[in-house]
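Numbering (the working numbering), first residue to last: 1312 to 1540.
Below, the structure written as C-alpha coordinates:
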(Lines of atoms letter the chains of each structure in order from A and count residues from 1; the text may use other names and numbers.)
(Lines give C-alpha, C1' and ligand atoms only; values in the text may rest on other atoms or scores of the structure.)
Protein backbone atom coordinates (compact mmCIF):
# COMPACT_ATOMS: atom_id res chain seq x y z
CA UNK A 1 0.00 0.00 0.00
CA UNK A 2 1.30 3.48 -0.91
CA UNK A 3 2.45 5.74 1.94
CA UNK A 4 1.46 8.79 -0.09
CA UNK A 5 -1.90 10.44 0.67
CA UNK A 6 -4.50 10.02 -2.07
CA UNK A 7 -4.61 12.64 -4.80
CA UNK A 8 -7.59 14.95 -4.31
CA UNK A 9 -9.44 15.11 -7.62
CA UNK A 10 -12.30 17.39 -8.63
CA UNK A 11 -14.07 16.54 -11.89
CA UNK A 12 -16.20 18.86 -14.00
CA UNK A 13 -18.16 16.92 -16.62
CA UNK A 14 -21.29 18.08 -18.43
CA UNK A 15 -22.40 14.61 -19.55
CA UNK A 16 -24.36 12.74 -16.86
CA UNK A 17 -23.44 9.30 -18.23
CA UNK A 18 -19.72 10.16 -18.23
CA UNK A 19 -20.00 11.54 -14.68
CA UNK A 20 -21.51 8.25 -13.53
CA UNK A 21 -18.74 6.24 -15.19
CA UNK A 22 -15.97 8.39 -13.74
CA UNK A 23 -17.44 8.24 -10.25
CA UNK A 24 -17.69 4.45 -10.52
CA UNK A 25 -14.11 3.63 -11.49
CA UNK A 26 -12.36 6.48 -9.66
CA UNK A 27 -14.16 5.58 -6.45
CA UNK A 28 -12.54 2.13 -6.55
CA UNK A 29 -8.95 3.41 -6.79
CA UNK A 30 -7.25 4.07 -3.44
CA UNK A 31 -4.77 6.46 -5.07
CA UNK A 32 -7.57 8.94 -5.73
CA UNK A 33 -9.84 10.89 -3.41
CA UNK A 34 -12.74 12.09 -5.56
CA UNK A 35 -13.69 15.24 -3.64
CA UNK A 36 -16.39 16.25 -6.09
CA UNK A 37 -17.89 15.56 -9.50
CA UNK A 38 -20.01 18.40 -10.85
CA UNK A 39 -21.52 19.48 -14.15
CA UNK A 40 -20.72 23.20 -14.29
CA UNK A 41 -17.78 25.55 -13.92
CA UNK A 42 -19.66 27.60 -11.31
CA UNK A 43 -20.15 24.49 -9.15
CA UNK A 44 -16.44 23.74 -9.53
CA UNK A 45 -15.53 27.23 -8.32
CA UNK A 46 -17.80 26.81 -5.28
CA UNK A 47 -16.10 23.54 -4.32
CA UNK A 48 -12.51 24.64 -4.94
CA UNK A 49 -11.97 26.67 -1.80
CA UNK A 50 -13.68 24.16 0.49
CA UNK A 51 -12.12 20.99 -0.93
CA UNK A 52 -8.67 22.27 -2.05
CA UNK A 53 -8.24 19.69 -4.84
CA UNK A 54 -4.80 18.72 -6.11
CA UNK A 55 -6.04 18.09 -9.66
CA UNK A 56 -9.07 19.44 -11.52
CA UNK A 57 -10.30 17.65 -14.64
CA UNK A 58 -12.26 20.27 -16.54
CA UNK A 59 -14.63 19.47 -19.40
CA UNK A 60 -14.28 21.88 -22.34
CA UNK A 61 -18.02 21.60 -23.05
CA UNK A 62 -18.78 22.80 -19.52
CA UNK A 63 -16.38 25.71 -20.06
CA UNK A 64 -18.13 26.63 -23.32
CA UNK A 65 -21.56 26.40 -21.66
CA UNK A 66 -20.34 28.81 -18.98
CA UNK A 67 -19.38 31.28 -21.73
CA UNK A 68 -15.90 31.72 -20.26
CA UNK A 69 -12.52 31.14 -21.84
CA UNK A 70 -10.16 28.42 -20.58
CA UNK A 71 -7.88 31.21 -19.36
CA UNK A 72 -10.67 32.84 -17.36
CA UNK A 73 -11.66 29.49 -15.87
CA UNK A 74 -8.07 28.81 -14.79
CA UNK A 75 -7.69 32.29 -13.31
CA UNK A 76 -10.82 31.79 -11.19
CA UNK A 77 -9.67 28.35 -10.03
CA UNK A 78 -6.10 29.40 -9.22
CA UNK A 79 -7.29 32.42 -7.27
CA UNK A 80 -8.77 29.88 -4.84
CA UNK A 81 -6.33 26.95 -5.16
CA UNK A 82 -3.06 28.34 -6.58
CA UNK A 83 -1.26 24.98 -6.53
CA UNK A 84 -4.03 22.97 -8.19
CA UNK A 85 -3.14 21.24 -11.46
CA UNK A 86 -5.79 22.05 -14.08
CA UNK A 87 -6.40 19.58 -16.91
CA UNK A 88 -8.83 20.20 -19.75
CA UNK A 89 -10.41 17.35 -21.64
CA UNK A 90 -12.66 17.36 -24.66
CA UNK A 91 -14.50 15.11 -27.10
CA UNK A 92 -14.27 17.71 -29.89
CA UNK A 93 -10.70 18.66 -30.77
CA UNK A 94 -10.16 21.81 -32.84
CA UNK A 95 -7.11 23.96 -33.48
CA UNK A 96 -8.81 26.86 -31.72
CA UNK A 97 -9.73 24.91 -28.60
CA UNK A 98 -6.29 23.35 -28.13
CA UNK A 99 -4.63 26.74 -28.73
CA UNK A 100 -6.92 28.30 -26.12
CA UNK A 101 -5.83 25.68 -23.58
CA UNK A 102 -2.15 26.34 -24.33
CA UNK A 103 -2.64 30.09 -24.07
CA UNK A 104 -4.34 29.56 -20.71
CA UNK A 105 -1.19 27.82 -19.39
CA UNK A 106 -3.10 24.68 -18.45
CA UNK A 107 -1.23 21.75 -16.93
CA UNK A 108 -2.72 19.28 -19.37
CA UNK A 109 -5.04 18.59 -22.28
CA UNK A 110 -6.60 15.18 -22.90
CA UNK A 111 -9.03 13.82 -25.46
CA UNK A 112 -12.02 11.90 -24.17
CA UNK A 113 -11.24 9.02 -26.49
CA UNK A 114 -8.46 7.79 -24.19
CA UNK A 115 -9.07 4.67 -22.12
CA UNK A 116 -9.58 4.55 -18.37
CA UNK A 117 -6.08 3.20 -17.70
CA UNK A 118 -4.43 5.95 -19.79
CA UNK A 119 -6.59 8.60 -18.13
CA UNK A 120 -5.37 7.55 -14.69
CA UNK A 121 -1.74 7.36 -15.84
CA UNK A 122 -1.87 10.85 -17.38
CA UNK A 123 -3.61 12.35 -14.35
CA UNK A 124 -1.03 10.76 -12.04
CA UNK A 125 1.81 12.22 -14.09
CA UNK A 126 0.20 15.66 -14.13
CA UNK A 127 -0.35 15.51 -10.36
CA UNK A 128 3.38 14.79 -9.97
CA UNK A 129 4.38 17.89 -11.91
CA UNK A 130 4.46 16.82 -15.55
CA UNK A 131 2.65 18.73 -18.29
CA UNK A 132 0.70 16.44 -20.63
CA UNK A 133 -0.73 17.63 -23.94
CA UNK A 134 -2.33 14.57 -25.52
CA UNK A 135 -3.59 15.87 -28.85
CA UNK A 136 -3.84 14.40 -32.34
CA UNK A 137 -3.00 17.86 -33.69
CA UNK A 138 0.60 18.85 -34.34
CA UNK A 139 2.08 21.79 -32.45
CA UNK A 140 3.10 23.41 -35.75
CA UNK A 141 -0.55 23.49 -36.84
CA UNK A 142 -1.67 24.99 -33.53
CA UNK A 143 1.04 27.66 -33.27
CA UNK A 144 -0.51 30.11 -35.82
CA UNK A 145 -3.67 30.26 -33.69
CA UNK A 146 -1.54 31.02 -30.65
CA UNK A 147 0.40 33.72 -32.51
CA UNK A 148 -2.85 35.51 -33.41
CA UNK A 149 -3.55 35.92 -29.70
CA UNK A 150 -0.12 37.24 -28.74
CA UNK A 151 1.25 40.76 -28.94
CA UNK A 152 3.03 41.90 -32.09
CA UNK A 153 5.39 44.09 -30.05
CA UNK A 154 9.09 43.28 -30.57
CA UNK A 155 10.56 40.91 -28.00
CA UNK A 156 14.02 41.50 -26.51
CA UNK A 157 16.54 38.69 -27.06
CA UNK A 158 16.44 35.89 -24.51
CA UNK A 159 19.77 34.79 -23.01
CA UNK A 160 19.81 31.29 -21.55
CA UNK A 161 22.78 29.47 -20.11
CA UNK A 162 23.91 26.15 -21.56
CA UNK A 163 22.27 24.29 -18.67
CA UNK A 164 19.04 26.27 -19.02
CA UNK A 165 18.84 25.24 -22.68
CA UNK A 166 19.14 21.62 -21.61
CA UNK A 167 16.46 22.05 -18.96
CA UNK A 168 14.18 23.85 -21.42
CA UNK A 169 14.38 20.95 -23.85
CA UNK A 170 13.41 18.52 -21.07
CA UNK A 171 10.57 20.82 -20.03
CA UNK A 172 9.25 20.66 -23.59
CA UNK A 173 9.07 16.87 -23.13
CA UNK A 174 6.86 17.34 -20.08
CA UNK A 175 9.53 16.27 -17.57
CA UNK A 176 9.09 17.01 -13.87
CA UNK A 177 11.85 18.61 -11.79
CA UNK A 178 12.87 15.25 -10.35
CA UNK A 179 13.09 13.71 -13.83
CA UNK A 180 15.14 16.66 -15.09
CA UNK A 181 17.50 16.26 -12.14
CA UNK A 182 17.89 12.56 -12.85
CA UNK A 183 18.53 13.06 -16.58
CA UNK A 184 21.10 15.82 -16.02
CA UNK A 185 22.59 14.24 -12.89
CA UNK A 186 21.97 17.31 -10.74
CA UNK A 187 20.12 17.94 -7.47
CA UNK A 188 16.34 18.42 -7.61
CA UNK A 189 16.78 21.80 -5.91
CA UNK A 190 19.20 22.82 -8.67
CA UNK A 191 16.75 21.71 -11.35
CA UNK A 192 14.04 23.77 -9.63
CA UNK A 193 16.27 26.85 -9.72
CA UNK A 194 16.93 26.38 -13.44
CA UNK A 195 13.21 25.97 -14.16
CA UNK A 196 12.43 29.10 -12.13
CA UNK A 197 15.11 31.07 -14.02
CA UNK A 198 13.73 29.92 -17.37
CA UNK A 199 10.19 30.94 -16.40
CA UNK A 200 11.47 34.37 -15.30
CA UNK A 201 13.58 34.95 -18.41
CA UNK A 202 10.75 33.95 -20.75
CA UNK A 203 8.29 36.08 -18.75
CA UNK A 204 6.06 33.04 -18.41
CA UNK A 205 3.41 32.22 -15.82
CA UNK A 206 4.49 28.61 -15.28
CA UNK A 207 6.48 25.77 -16.87
CA UNK A 208 3.84 24.99 -19.52
CA UNK A 209 3.67 28.65 -20.50
CA UNK A 210 7.49 28.73 -20.65
CA UNK A 211 7.50 25.94 -23.25
CA UNK A 212 4.83 27.80 -25.22
CA UNK A 213 6.84 31.05 -25.04
CA UNK A 214 9.97 29.22 -26.18
CA UNK A 215 8.12 27.86 -29.22
CA UNK A 216 6.76 31.32 -30.05
CA UNK A 217 10.28 32.76 -29.88
CA UNK A 218 11.80 29.94 -31.92
CA UNK A 219 13.87 28.67 -28.99
CA UNK A 220 13.68 25.04 -30.04
CA UNK A 221 17.34 24.01 -30.36
CA UNK A 222 20.65 24.74 -28.66
CA UNK A 223 22.47 27.63 -30.37
CA UNK A 224 25.76 27.04 -32.16
CA UNK A 225 28.59 26.68 -29.68
CA UNK A 226 26.50 25.01 -26.98
CA UNK A 227 27.50 21.42 -26.28
CA UNK A 228 24.89 18.76 -25.68
CA UNK A 229 26.59 17.04 -22.75
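Where is the CB? At the ideal position from N, CA and C, for every residue including glycine.
When the five nearest sequence neighbours on each side are left out, the beta carbons in the same chain lying within less than 8 angstroms of the beta carbon of residue 1492 are those of 1498, 1499, 1501, 1502, in order along the chain.
Relative to residue 1520, the option among 1354, 1413, 1332, 1479 whose CA is nearest is 1413. Positions of the alpha helix (DSSP H) runs, each at least 4 residues long and wholly inside the region 1314-1346, are given as 1327-1337 in order along the chain.
By the C-beta criterion, the region 1470-1482 is judged to be in contact with the region 1501-1516, since at least 3 inter-stretch pairs fall below 8 angstroms. A residue is called buried once 16 or more other Cβ atoms fall within 10 Å of its Cβ, and residue 1324 is buried on that count. C-alpha of residue 1358 to C-alpha of residue 1422: approximately 24 angstroms in a straight line. Using a Cβ distance threshold of 7 angstroms, residue 1342 and residue 1316 do not count as a contacting pair.
If you compare the alpha carbons of 1424, 1473, 1523, 1439 with that of residue 1486, the shortest gap goes to 1439.
Using a C-beta cut-off of 8 angstroms, the region 1323-1337 makes contact with the region 1359-1371, since at least three inter-stretch Cβ pairs fall below that distance. Its chain contains 1413 as the residues whose beta carbon lies nearer than 6 angstroms to that of residue 1523, once the 5 sequence neighbours on both sides are disregarded; these appear in chain order. Bridge partners of residue 1370 according to DSSP: 1400. Secondary structure of residue 1506 (DSSP, three-state): helix. Looking at the backbone, the Cα of residue 1335 and that of residue 1328 are separated by about 11 angstroms.
Between residue 1385 and residue 1417 a beta carbon distance of about 6 angstroms is seen, short of the 8 angstroms cut, so the two are scored as contacting. By the criterion of a C-beta distance shorter than 7 angstroms, residue 1515 is surrounded in its chain by 1521, 1524, once the five residues flanking it on both sides are discounted. Beta-bridge analysis with DSSP links residue 1437 to no other residue. Annotated three-state conformation of residue 1425 is coil, per DSSP.
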